[in-house]
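Structure first, commentary second.
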Amino acid sequence: MYSYEDRMRAVKLYIQYDCSFGSVKNELGYPNHHETLHQWYLEYKEKDDLKQKSTRKPKFSDEQRAKAIQHYFEHGRCVSRTVRLLGYPCRTLLKQWICEEYPNEFPPCSQGVSLIRLTEEQKEQAVMDLCTREGTAHAVADKYGVDRCSLYNWKNQLLPEGSPSKMPKRKKNITAQTKSDQIAELTSEVAALSVEAEELKKQVYRLKLEKDALQKAAEIIKKDQGISLETLSNREKAMVIDALRNTYSLKELLPVFQIAKSSYCYQRKALQSPDKYEDAREQLRISFTESYECYGYRRLYICVKKPDGSNYSEKVIRRLMQEENLVVKRTKRKKYSSYQGEITPAVENLLQRDFHSEKPNEKWITDITEFHIPAGKIYLSPIVDCYDGLPVSWTIGTSPNADLVNTMLDAAIATLGDDEHPIVHSDRGAHYRWPGWIERMEKAGLTRSMSKKGCSPDNSACEGFFGRLKNEMFYDRTWTGVNINEFIEMLDRYIHWYAEKRIKISLGGLSPLQYRKAQGIAA
Numbered sequence: 313m314y315s316y317e318d319r320m321r322a323v324k325l326y327i328q329y330d331c332s333f334g335s336v337k338n339e340l341g342y343p344n345h346h347e348t349l350h351q352w353y354l355e356y357k358e359k360d361d362l363k364q365k366s367t368r369k370p371k372f373s374d375e376q377r378a379k380a381i382q383h384y385f386e387h388g389r390c391v392s393r394t395v396r397l398l399g400y401p402c403r404t405l406l407k408q409w410i411c412e413e414y415p416n417e418f419p420p421c422s423q424g425v426s427l428i429r430l431t432e433e434q435k436e437q438a439v440m441d442l443c444t445r446e447g448t449a450h451a452v453a454d455k456y457g458v459d460r461c462s463l464y465n466w467k468n469q470l471l472p473e474g475s476p477s478k479m480p481k482r483k484k485n486i487t488a489q490t491k492s493d494q495i496a497e498l499t500s501e502v503a504a505l506s507v508e509a510e511e512l513k514k515q516v517y518r519l520k521l522e523k524d525a526l527q528k529a530a531e532i533i534k535k536d537q538g539i540s541l542e543t544l545s546n547r548e549k550a551m552v553i554d555a556l557r558n559t560y561s562l563k564e565l566l567p568v569f570q571i572a573k574s575s576y577c578y579q580r581k582a583l584q585s586p587d588k589y590e591d592a593r594e595q596l597r598i599s600f601t602e603s604y605e606c607y608g609y610r611r612l613y614i615c616v617k618k619p620d621g622s623n624y625s626e627k628v629i630r631r632l633m634q635e636e637n638l639v640v641k642r643t644k645r646k647k648y649s650s651y652q653g654e655i656t657p658a659v660e661n662l663l664q665r666d667f668h669s670e671k672p673n674e675k676w677i678t679d680i681t682e683f684h685i686p687a688g689k690i691y692l693s694p695i696v697d698c699y700d701g702l703p704v705s706w707t708i709g710t711s712p713n714a715d716l717v718n719t720m721l722d723a724a725i726a727t728l729g730d731d732e733h734p735i736v737h738s739d740r741g742a743h744y745r746w747p748g749w750i751e752r753m754e755k756a757g758l759t760r761s762m763s764k765k766g767c768s769p770d771n772s773a774c775e776g777f778f779g780r781l782k783n784e785m786f787y788d789r790t791w792t793g794v795n796i797n798e799f800i801e802m803l804d805r806y807i808h809w810y811a812e813k814r815i816k817i818s819l820g821g822l823s824p825l826q827y828r829k830a831q832g833i834a835a
């Protein structure tokens, strides 16, 4: 709190004034307590000097500070992104550094106080305009750049109680013709509202009917996957309709379940007849329970027998399992991983999460991602340039093998000039450690770089490319009915669009290829 010179000055005066604390305090104005000055005096008496306070070494060097500020301006001026990618400092300290170097970077926020200050004459004129206005008070407020409440506050301050401007306005004379017009208008509005109320009542009644139908279906059918009236079989629809006949008429129920009356009557008659698969259902439930609920239809087909010892057809077994809601519990699918151990020695991480590049073909990143659709699995292996996010080359296949990545690498190498030898960064997957990959890298003069094992942030730029791709063209879409070849064609078409037409704000509203053409890099 006190510098070395201040403490020495106080101690010498303390000795000069025969250890009088009051004299020192009156002359210097410090310290506040006698005990503090006495401690300084004892230290000086023992060591003939006072300890000089050591300056604390800053936690971050000037180079780290300059790098953080530069990264902030070169990567979208986002404090959170800079802290996340560099790993230092905290958000508050980074803002403090930026404010010290660039004071106008973070302008102070407005606290809702109006910046317009009116003189007393202007306030009086505003009140006069308010009292003599022909339009609305909002128009007067907009004219002077203030809000409506301020106008009325000034009016209450300037005009005394009982002034003519504060007297209530007289109502205009209403003629008989005007009254009749108003009555006719109100009558028409009441009629329209009555019609609307009746429509709303009908809608409420129909919604209540649909709700009761869903609740009764869930009670009777008891499907774990949820209930949809459209996906119920005619037999199940007939069961639910019979349960609701005491509350609603058949004419109201049939349209809700989308079933014809003839189909309902047929299913109702079939429900009343004996179930010829009653014995098979009982055998199914017993066999399924005794097998710890792990038998599928193939093994239950063997277990369930007809009275004569023969087997039911597999289709019958599958249908009965569906009707009885016998579902085998399945384990969760494992996420795809290309790691197969330390096949060859891992190389050093040269990028260290610095994905900024000053020119094209300086830093490349690559990885493999999986797309799982009902028709099967598809794998994408791209190479992305860190300069502008352009997919340099990519391959799409149904197997994540060596041919998938090697073909991609060959296509990327073909785009390089004689003097271009980029760093190729990947994870520690087996594809990037097989001899074929290493030979191609060495032959082309490319430099290998690898992330830590299981550390996805080390290759976050490529993970971000996959995230954008899947959010835009894969997730929240129905792929039922799309075969593998159709999906591969759609994925390839999207990546072409991503490179050629999809605009990026960081590139000034241009696509990667358009940006290169604007820079004179691409033809």
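Counting in the working numbering, the sequence shown tops out at residue 835, every number present. The C-beta atom is built at its ideal place from N, Cα and C for all residues, glycine as well.
Alpha-carbon spacing of residue i relative to residue j, whole angstroms
| i | j | result |
| --- | --- | --- |
| residue 384 | residue 410 | 9 Å |
| residue 732 | residue 726 | 11 Å |
| residue 500 | residue 521 | 32 Å |
| residue 395 | residue 681 | 27 Å |
| residue 713 | residue 829 | 35 Å |
| residue 665 | residue 415 | 29 Å |
| residue 624 | residue 581 | 24 Å |
| residue 512 | residue 587 | 44 Å |
| residue 752 | residue 781 | 28 Å |
| residue 483 | residue 452 | For residue 483, the pLDDT reaches just 49, beneath the cut-off of 50, and the residue's location in the model is therefore unreliable, although a value from the coordinates is still provided. Approximately 23 Å, taken between the alpha carbons. |
| residue 455 | residue 470 | 19 Å |
| residue 461 | residue 783 | 47 Å |
| residue 773 | residue 640 | 40 Å |
Whether residue i touches residue j by CB criterion (7 Å)
| i | j | result |
| --- | --- | --- |
| residue 819 | residue 806 | no |
| residue 720 | residue 705 | yes |
| residue 550 | residue 576 | yes |
| residue 671 | residue 698 | no |
| residue 799 | residue 695 | no |
| residue 507 | residue 466 | no |
| residue 658 | residue 597 | no |
| residue 530 | residue 539 | yes |
| residue 718 | residue 748 | yes |
| residue 663 | residue 693 | no |
| residue 736 | residue 702 | no |
| residue 817 | residue 823 | no |
| residue 761 | residue 771 | no |
| residue 391 | residue 405 | no |
Residues bridged to residue i [DSSP beta-bridge criterion]
| i | result |
| --- | --- |
| residue 822 | 816 |
| residue 875 | What is shown of the chain runs 313 to 835, which leaves residue 875 out entirely. |
| residue 682 | 691 |
| residue 809 | Answer is none; residue 809 lacks a bridge partner. |
| residue 749 | Answer is none; residue 749 lacks a bridge partner. |
| residue 791 | None, per the DSSP bridge assignment. |
| residue 676 | 697, 736 |
| residue 706 | 694 |
| residue 514 | Partner(s): none; residue 514 has no beta bridge. |
| residue 623 | 617 |
Residue i burial status per 10 Å Cβ neighbour count (16 or more: buried)
| i | result |
| --- | --- |
| residue 502 | exposed |
| residue 354 | exposed |
| residue 678 | buried |
| residue 709 | buried |
| residue 767 | exposed |
| residue 548 | buried |
| residue 789 | exposed |
| residue 316 | exposed |
| residue 592 | buried |
| residue 629 | buried |
| residue 600 | buried |
| residue 607 | buried |
| residue 457 | exposed |
| residue 402 | exposed |
| residue 495 | exposed |
| residue 332 | exposed |
Residue i (DSSP reduced to helix, strand or coil)
| i | result |
| --- | --- |
| residue 499 | helix |
| residue 722 | helix |
| residue 444 | coil |
| residue 523 | helix |
| residue 468 | helix |
| residue 713 | coil |
| residue 322 | helix |
| residue 617 | strand |
| residue 667 | coil |
| residue 769 | helix |
| residue 557 | coil |
| residue 434 | helix |
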